[in-house]
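Novice: When you read off a place in the sequence shown, starting at 1, and then add 28, the result is the number in full-length UniProt numbering. One structure coming up, written as structure tokens, with questions to follow.
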Amino acid sequence: GCQSSGGGSQTLTAGTAPGFPPFEMKRDGELVGFDVSLLEAVVAKSDYELSGWDELEFKSLIPALNNGNVDVVAAGMTINEKREEAIDFSDPYYSSNQAIVTREAGSFSPSSLDDLDGALVGAQKGTTGESVITEQLVETGTIEASAYKAYGNYVLAVEDLLNENVDAIVIDVPVANSFVGDRPITTAFVYETGEQFGFGIQSGNEQLASALNGGLTAVRDDGTYQELTAKWFGQ
Ligand code: GLN
């Protein structure tokens, strides 16, 4: 929760869901990634202080904001109207579309959502990747509801893809690029969703929103944002 300290600055507990490289992941037991570095840099530009990180499942992050267990979420979270009914967002800090990832070997190489007819398709629970599956594949009748496999974490979805328990997964493009790496999986095609990631905060916390937005402007202006994208995305 938010607490005032003697110096007049307020401490923030951040929430995230590791297993979403390169935005947030565990490396030698330590939480690292673009979101982690970016939020720390942004908060350092403000009057707030970051007291620590809570690691949760992605679908628990909005509830954690709402019950006050965390003050700010940095989790590659897409800004959308449905979520804005429950929480507020900072200004956008990264753009994404959805990748449809399949195994490299084999005859299954879809190039459109229609080609997923009859496939087993996975995503992480509570994500916009899941929404693509439910809204564009299940509701359209391209796949049965039972052909959607929901995972607590994208790491488990990728493992199931490698183990041939699922035929394709729907996942944010920059994260797909990170998972593909040297694994025998590939982005079969990209479904354009035009998503923008923002930091999630409690509804109506305008003071924190303007502090985060000011911090985002400051890290863009002083080159920190560029350094962090180069470090974590190699661009
Ligand atoms: N960008 C996607 C979403 O907001 C996925 C985020 C994630 O899995 N961490 O739902």
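Each residue gets a CB set at the ideal place from its N, CA and C atoms; glycine is no exception. In this text the structure is predicted, and so the values were computed from the model without any measurement.
Alpha carbons only, please: which of Glu-223, Ile-90, Val-201 is nearest the one belonging to Thr-214?
Specialist: Val-201
Novice: Give the single residue among Pro-46, Lys-73, Phe-117 whose Cα lies nearest to the Cα of Asp-82.
Specialist: Pro-46
Novice: Report the option in Phe-51, Leu-236, Glu-172, Asp-116 whose CA atom is closest to the CA atom of residue 27.
Specialist: No statement about residue 27 is possible, as the shown extent of the chain runs from 29 to 263 and does not include it.
Novice: Answer yes if the region 65-84 comes into contact with the region 235-254, meaning at least three C-beta pairs across the two stretches below 8 Å, and no otherwise.
Specialist: By the criterion of at least three beta-carbon pairs nearer than 8 Å, the region 235-254 is in contact with the region 65-84.
Novice: Does Phe-227 come out as helix, strand or coil in the three-state DSSP assignment?
Specialist: Note: Phe-227 maps to coil in three-state DSSP.
Novice: What does DSSP give as the partner residues of Glu-77 in its beta bridges?
Specialist: Bridge partners of Glu-77 according to DSSP: Thr-39.
Novice: May I have all residues whose beta carbon comes closer than 7 Å to any heavy atom of ligand 1, sorted in chain order?
Specialist: Ala-45, Phe-48, Phe-51, Phe-86, Ala-103, Gly-104, Met-105, Thr-106, Ser-124, Gln-152, Gly-154, Thr-155, Thr-156, Gly-157, Tyr-182, Asp-200, Glu-223, Phe-225
Novice: Measure the alpha-carbon distance for Glu-172 versus Val-166 and round it to whole angstroms.
Specialist: Cα-Cα distance, rounded: 6 Å.
Novice: Which residues bound the beta strand (DSSP E) around Ser-124?
Specialist: Counting along the chain, the beta strand (DSSP E) containing Ser-124 begins and ends at 122-131.
Novice: Just curious, the beta strand (DSSP E) that Phe-117 is in, first and last residue?
Specialist: 115-117
Novice: Please report how far the alpha carbon of Ser-124 lies from the alpha carbon of Ser-37, in whole angstroms.
Specialist: 34 Å
Novice: From what residue to what residue does the beta strand (DSSP E) around Leu-141 run?
Specialist: Secondary structure note for Leu-141: it is in no beta strand (DSSP E), with a DSSP letter that is neither H nor E.
Novice: Candidates Ala-102, Ser-118, Arg-55, Pro-50: which alpha carbon is nearest Asn-233's?
Specialist: Ser-118
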